[in-house]
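There are 2 protein chains.
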Amino acid sequence: MSLTNASPEQAARAAKISSRTLATLPTSARNAALDAIHDALAAARDEILAANARDLELAKKSAASGELSGSILKRIDLSRKGKFDDMLQGIKDVLELEDPVGRVDLRTELDDGLILQRQTCPIGVLLIIFEARPEVIANIASLAIKSANAAILKGGKESTESFKAISTVISKALASTEVPNDSIQLVTTRDAVDPLLELSQYIDLVIPRGSNELVSYCQKKAHMPVLGHADGLCHIYIHSDASPEMAVNVVVDSKTDYPAACNSVETLLVHEEVLETVLPAVAEALINKGVTLRCDSQSKAAIAKHIKSDLLEDASDKDYNTEFLDLILAIRTIPSSAAVDEAIHHINTHGSHHTDCIITASKQVADHFSNGIDSACKFWNCSTRFCDGMRFGFGTEVGISTNKVHARGPVGLEGLMIHEYRLEGSGQGAAMYGDGGRQYKHKKLSLT
Amino acid sequence: MSLTNASPEQAARAAKISSRTLATLPTSARNAALDAIHDALAAARDEILAANARDLELAKKSAASGELSGSILKRIDLSRKGKFDDMLQGIKDVLELEDPVGRVDLRTELDDGLILQRQTCPIGVLLIIFEARPEVIANIASLAIKSANAAILKGGKESTESFKAISTVISKALASTEVPNDSIQLVTTRDAVDPLLELSQYIDLVIPRGSNELVSYCQKKAHMPVLGHADGLCHIYIHSDASPEMAVNVVVDSKTDYPAACNSVETLLVHEEVLETVLPAVAEALINKGVTLRCDSQSKAAIAKHIKSDLLEDASDKDYNTEFLDLILAIRTIPSSAAVDEAIHHINTHGSHHTDCIITASKQVADHFSNGIDSACKFWNCSTRFCDGMRFGFGTEVGISTNKVHARGPVGLEGLMIHEYRLEGSGQGAAMYGDGGRQYKHKKLSLT
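Chains A and B are the protein sequences, given in the same order. Counted the way our numbering counts, the first sequence spans residues 1155 to 1602. Counted the way our numbering counts, the second sequence spans residues 1155 to 1602.
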């Protein structure tokens, strides 16, 4: 890993060149590099925490003058209990993952002695832009090396000292391994981002990890594909046959487990017939957790019959297009005449195609709902918060994608891979086949 | 299918809306639509050929005045022997393909009664831009319907009358099926392309099928992903242990089977040690087929000892960066000191990451070469011309991609699909799991 002072073009070209070496290294060499990074970071704990303390000092001043929010302060602080150890454990966790490189997923005998094979391979060079949390750099470097991708990293300026310290340690650790130093580079200046986003001849994929603004910016500016999602405007639709208890549990968890997360619910759609039966219990549980409810007139009237609360408000149209990321929930009534189809229409029109959920006792209704919505994740009777790479069992999460190509939903290491075809022949030419000539066999072969 | 006079935005929005209906149709409904299209086109043969004759009439005038090449004339002509029947058969072939929608490729028990499933689904709305061959419209409409994607089609202006006639027939045929008419739309004005390329809120993927210029244009202008390749600058490297006979067969086929194709070889790299032993036979066979050889001084001298020919020329630097698409081949000597690594370096620097081949008797050398090159297709001892969806056994070819994400190499129906996650629960919330709570099982389930 190098803390690069090179121009963006030089850095990107160096990354591209080193990516070809990285792509040819065996599993053992990549895992050895992860071990080396782990041990070096463990040994350098004091100097890294000292650098982090300098970031924190500056950040506290900014916070005091109101330039920085308190939540960012918390994110920067690497000395909080367990955080450094979690960072180290994260590297070990990535190390333990199955090697994603060279997995054969198709083998076909085109003809005698003409064997086609498709296998996974790294994408090449990743540009990963993230925000203030200093431990993210170790996580991302690990994911890149594990997946044999070169990576250019740009972290938030609030953690510059921490990033520099960590990258210096990683750089020294890599020097004793087969992983080329240029395959992981840290850029520290904001100015470098725009030129990097244009270097599609060297950089194959951009992964912004952070705010909506950051992702939208990359999506607009990048000349290469961007993996991610700008918005997480998730819905839950409570159907007429929903169990009140299940509705309470799922909605409360989806809204309050971690309101700032992209997979938290933002709009609740409620079938007209259960406004009086299911909704009041849901509303009461939410209000008890401090959630403000912004309701259309019908749902508000139904709730108001049971509960008096300052947290009961009128919704405006804008609320149904807003990702609150806070303890606020928009509620809308779905007329019984249109039922599921109106819920589908609302979600496809107002949603962000991230995660949407139905609560119903009927599999038929759930399937109709899931077929109709255009979402990466379609949930039935469970919290939207389960949309997550770790919870899905991927071992790690590179991000959550709402793209319609390559990777969609929670993305594990698989999302950092593409495939290549290898064809092994014995002198064949295409002109030998066809009219009057040889015929292709196209015989599927076992993968091992 | 509608021949749309709507604005690009109206057309794209209508396509997006209809794509949700299309996505929910069962296999049988999509196949019935393909049958209906097939039968309607067969019944309308005379009126379509009459429209095609009008295109041909105009094209002949343009050809006479030198505005249009003779090869385009040939491509427009749908009345050539077998062409119309091939178009009809193509629809049946697509119909017979396995349904790509709803294939489950991951099932995991996250916990008791919390089952995750990943399954394939259509991408949504495709924008497909193609050139003059009128039969392509039927092929593309079939692929879109089979894969449950809506599509906006824009064909080359030389075949406008043919496209209009075919799309009118398809439109009438679809009216009696469950496939929404707006799911396949034809736009006929060149002006519509630029605005369409910006409508990323409605259009999910652009597939340009045609010249390098067309693909490059789309790659530069499109706000959504583009599937394809601008260049096909393919290489063959003849290693020191190559069999002369195999080298002759593979190189001649790669260059002369269809020189205008993207998978034809453009540069031949020859190990220094076989300049006198293998190269002369290869050169002679190529010259006998009328191929001009543009050589560096070493390879030219070696060939000139055996053959005198006007087709033997000096290469300039530019020749090693040129996709000739013609009976021209650049030849360069690889010094024995660097051997395979120099060939790899040349290919990664000058190539287009499409298809590159090595001729060698050694599996170890072939693997080293294939690991080192950054190409979608890595061939060993066989013609580069095998890089093709039909030859690979995919049943069809949507295009050949040199992208590093989503689809790479020859792309079949699979390239028109993405996946979605479905999670079926029984009231679970994420807060139930973790410290002191329940643990995830992450048990892999069988796919059926």
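Backbone N, C-alpha and C fix where the C-beta goes; we use that ideal spot for every residue, glycine too.
Residue i at chain B interface by Cβ criterion, 8 angstroms
i	result
G1309/A	no
G1526/A	yes
H1138/A	No answer is possible for residue 1138/A: it lies beyond the span of chain A, which begins at 1155 and ends at 1602.
L1359/A	yes
F1478/A	no
K1532/A	yes
R1363/A	no
D1348/A	no
F1523/A	no
N1293/A	no
R1174/A	yes
C1536/A	yes
Residue i at chain A interface by Cβ criterion, 8 angstroms
i	result
L1203/B	no
Q1243/B	no
P1180/B	no
K1558/B	yes
H1596/B	yes
R1539/B	yes
I1277/B	yes
V1552/B	no
G1547/B	yes
G1444/B	no
R1562/B	yes
Cβ shell of residue i (< 6 angstroms), same chain only, five flanking positions each side left out
i	result
E1221/A	none
I1226/B	A1286
A1305/B	L1280, I1282, A1298, I1338
E1352/A	H1377
T1181/B	D1253
P1398/A	V1432, A1435
E1289/A	M1241
A1197/A	none
Bridge-paired residues (DSSP) for residue i
i	result
L1577/B	F1533/A, L1270/B
Y1587/A	R1592/A
G1547/B	Answer is none; G1547/B lacks a bridge partner.
D1468/B	C1449/B
F1478/A	Answer is none; F1478/A lacks a bridge partner.
Y1391/A	L1423/A, I1512/A
A1304/B	V1279/B
R1261/B	Q1271/B
L1483/A	L1447/A
Q1373/B	Its beta-bridge partners do not exist; DSSP assigns none.
M1571/B	P1276/B
S1555/B	G1563/B
P1362/B	I1283/B
Same chain, Cβ closer than 7 angstroms to residue i, neighbours up to 5 away in sequence not counted
i	result
V1406/B	A1439, L1440, K1443
D1345/B	none
Nearest-angstrom beta carbon gap, residue j and residue i [assumed within contact, 8 angstroms]
i	j	result
T1421/B	R1486/B	7 angstroms
L1264/B	K1598/B	Not confirmed; about 11 angstroms, so no contact.
S1173/B	G1278/B	5 angstroms
L1307/A	I1338/A	7 angstroms
Contact set for residue i: own chain, Cβ-Cβ below 8 angstroms, skip 5 residues either direction
i	result
H1460/A	P1434, A1437, E1438
M1400/B	I1513, N1535
Under 9 angstroms by beta carbon: chain C residues contacting residue i
i	result
F1284/B	Looking for chain C here will not work: the only protein chains present are A and B.
- Message: At a CB distance below 9 angstroms, what residues from the region 1573-1593 of chain A approach chain B? Give them in sequence order.
- Response: Under the 9 angstroms Cβ criterion, the region 1573-1593 of chain A contributes H1573, E1574, Y1575, R1576, L1577, E1578, G1579, S1580, G1581, Q1582, G1583, A1584, A1585, M1586, Y1587.
- Message: Closer than 7 angstroms between beta carbons: that is the criterion. Which residues of the region 1254-1274 of chain A meet it against chain B?
- Response: T1262, L1264, L1268, L1270
- Item | Residues in the region 1215-1241 of chain B having any Cβ partner in chain A nearer than 8 angstroms | From the region 1215-1241 of chain B, no residue has a Cβ closer than 8 angstroms to chain A.
- Please list the residues of the region 1412-1423 of chain A that have a C-beta atom closer than 7 angstroms to any C-beta atom in chain B, keeping them in chain order. none
- Query: What residues from the region 1374-1387 of chain A come within 7 angstroms of chain B, judged by C-beta to C-beta, listed N to C?
  - Reply: P1379
- Message: Short of 8 angstroms Cβ to Cβ, which residues in the region 1390-1409 of chain A face chain B?
- Response: Cβ contacts with chain B come from S1397, E1399, M1400, N1403, V1404, V1406, D1407, S1408.
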